[in-house]
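Numbering (the numbering used here), first residue to last: 308 to 844.
Okay, structure first, notes after.
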């Protein structure tokens with residue numbers, strides 16, 4: 308890892324935010340490139356302790372002909388046919404890019420198709436080509452296990468490492484992530500890079516290096532129209548797109564319709580009155596911003612002290628919490644169940660539905676009936692355990708995880724975990740329903756409550772939740788931004804020129820990644836604690 312200074316003027320506003328600049332791992336972007344990973348830190352106009360500005364990367368890659376790498380037929384197990392012509396059916400999703408589609412997949416088959424076309428990932432402990440975050444024996448923590456060194460591109464039999472197959476490991480040599488060797492007309496693929504800033508916010512650039520491209524002679528069909536055997540043309544004939552994949556599903560989602568959102572605020576006794584006041588302000592600001600940014604109906608509730616309070620039904624205009632007070636235990640399952648009941652009863656037909664959960668701890672509650680807003684839940688709860696009352700018990704972790712999984716069948720749970728580095732309160736050996744160890748509160752909230760790394764955000768303290776509101780708004784209310792469409796040749800020219808492509812930490816800004824000044828006020832930094840995804844089909 309190197310540390311360098313470069314010309315980058317920081318405004319007072321951005322200096323006070325404690326920002327740095329980070330060069331995103333090149334990750335072997337290119338044709339047959341030997342470029343692996345680099346992590347370049349810079350900081351202008353201030354000082355920063357080495358290691359406090361750090362970038363970690365993970366990824367998943369897909370290819371339309373996985374048989375090339377000894378995987379099975381990508382259409383296996385699908386319920387509907389894959390179409391090469393537009394079926395003129397809104398239930399079909401265009402791949403890989405809605406503006407330049409090659410195939411159409413039925414929306415119900417998209418998860419299976421993505422799994423079938425996965426050829427490599429990091430981390431991938433079992434070597435099946437798909438990314439594993441929690442296997443029971445292994446729990447991925449980006450800032451501990453994420454890739455940032457060349458060695459992370461070396462597949463091995465053990466540990467949280469890269470997939471080992473014909474795409475990644477040839478003649479005992481690690482291959483770059485994008486390594487196109489036998490491309491046929493109609494082939495397509497996709498790489499999603501997920502990057503994580505550890506400890507501090509920062510600016511991020513997308514770069515490539517050590518790119519190579521070879522012609523490898525002329526076949527008979529090409530020789531009839533091409534008299535330049537030493538000039539490669541593959542890169543200039545590969546169509547590409549770059550986009551911010553905010554939900555991390557590896558698919559371009561450019562349209563946002565109506566959204567219905569319930570905001571659930573933890574007011575348990577582990578928070579001070581100041582903490583609760585800061586969460587109240589953050590929740591109100593989030594509601595106001597959602598009301599401006601989207602066709603949104605917003606409601607809310609608080610949970611603490613053995614009850615669900617401050618219930619506001621879904622309605623037009625932002626919810627406004629007032630006078631929230633910290634008290635008692637953490638009835639998280641009741642908060643999820645009542646938020647779900649409100650969305651089920653009063654959510655609009657066709658709206659995408661969300662629960663935004665702000666919490667600083669694990670579930671702790673009585674087995675009792677909870678009522679709010681005309682909804683009654685909890686009569687069947689059995690996991691609650693208040694003996695002793697200051698411990699988050701395994702039974703509570705298990706039951707709440709099961710409830711969250713059931714809620715996620717119909718609604719996304721965007722979870723903000725506050726001060727989440729430690730274990731659930733006073734439980735030195737927390738375990739899930741299957742007896743697997745839970746490594747930390749952050750892992751529990753990410754894997755068992757949010758259920759998706761893209762839907763989990765970490766905040767150091769209640770006062771810092773306001774810094775990650777834009778990430779929540781991007782996830783709920785902003786269409787995924789495709790910031791460039793072109794050819795691989797043009798992309799590589801930009802990625803290898805200067806610092807590469809400056810990325811923007813907030814999609815709603817007016818910053819132009821291709822023509823904008825990287826020092827522009829419109830460009831925002833990326834926040835620590837947020838999983839950021841860039842897709843590249």
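We treat Cβ as the ideally placed atom computed from N, Cα and C, and that holds for glycine.
Here the structure is a predicted model, which is why all the values come from computation and not from measurement.
Pairwise C-alpha distance: residue j and residue i
i	j	result
residue 850	residue 650	Missing from the structure shown is residue 850; the chain here goes from 308 to 844 and no further.
residue 290	residue 456	With the chain covering only 308 through 844, there is no way to say anything about residue 290.
residue 493	residue 454	32 angstroms
residue 702	residue 470	35 angstroms
residue 755	residue 706	10 angstroms
residue 587	residue 514	40 angstroms
residue 832	residue 676	44 angstroms
residue 547	residue 410	15 angstroms
residue 642	residue 689	16 angstroms
residue 721	residue 776	11 angstroms
residue 440	residue 461	19 angstroms
residue 323	residue 828	With a pLDDT of only 28 at residue 323, under the threshold of 50, the placement of this residue in the model should not be trusted, and no figure is reported.
residue 845	residue 500	Any question about residue 845 goes unanswered here, given that the chain covers just 308 to 844.
residue 589	residue 549	31 angstroms
residue 718	residue 477	43 angstroms
residue 442	residue 432	9 angstroms
residue 728	residue 671	18 angstroms
residue 545	residue 484	16 angstroms
Buried or exposed (CB count within 10 angstroms, at least 16 for buried), residue i
i	result
residue 391	exposed
residue 769	buried
residue 363	buried
residue 774	buried
residue 393	exposed
residue 737	buried
residue 404	buried
residue 593	buried
residue 821	exposed
residue 368	buried
residue 626	buried
residue 459	buried
residue 397	exposed
residue 652	exposed
residue 695	exposed
residue 349	Annotation note: pLDDT 49 at residue 349 (below 50); position unreliable, no value reported.
residue 371	buried
residue 468	buried
residue 844	buried
residue 617	buried
residue 811	buried
residue 507	buried
Contact under 9 angstroms by Cβ, residue i with residue j
i	j	result
residue 429	residue 366	yes
residue 725	residue 781	no
residue 809	residue 511	yes
residue 553	residue 840	yes
residue 564	residue 598	no
residue 714	residue 779	no
residue 412	residue 389	yes
residue 710	residue 644	yes
residue 610	residue 583	no
residue 423	residue 381	yes
residue 802	residue 723	no
residue 842	residue 551	yes
residue 743	residue 700	no
residue 387	residue 416	yes
residue 838	residue 452	no
residue 608	residue 646	yes
residue 785	residue 815	yes
residue 581	residue 669	no
residue 739	residue 708	yes
For residue i: DSSP bridge partner residues
i	result
residue 669	Partner(s): none; residue 669 has no beta bridge.
residue 504	362
residue 794	546
residue 841	500, 551
residue 608	571
residue 724	666, 765
residue 369	425, 497
residue 447	Paired residues: none, contrary to the question.
residue 399	413
residue 719	661
Residue i: CB within 8 angstroms of a non-hydrogen atom of the ligand HEM
i	result
residue 746	Absence of the ligand HEM is noted for the structure shown, with no ligands found whatsoever.
### Query
At a cut of 8 angstroms, does the stretch 632 to 643 reach the stretch 569 to 578 through at least three beta carbon pairs?
yes
### Message
Quick test of the definition: if touching needs 3 or more C-beta pairs under 8 angstroms, does the stretch 598 to 616 touch the stretch 540 to 559?
### Response
no
### Query
Does the stretch 785 to 799 touch the stretch 741 to 759, meaning 3 or more C-beta pairs lie closer than 8 angstroms?
No: the two stretches stay apart, fewer than three of their Cβ pairs being nearer than 8 angstroms.
### Message
I'd like to know if the stretch 489 to 505 and the stretch 369 to 386 are in contact, where contact means that at least 3 CB-CB pairs between them fall below 8 angstroms.
### Response
yes
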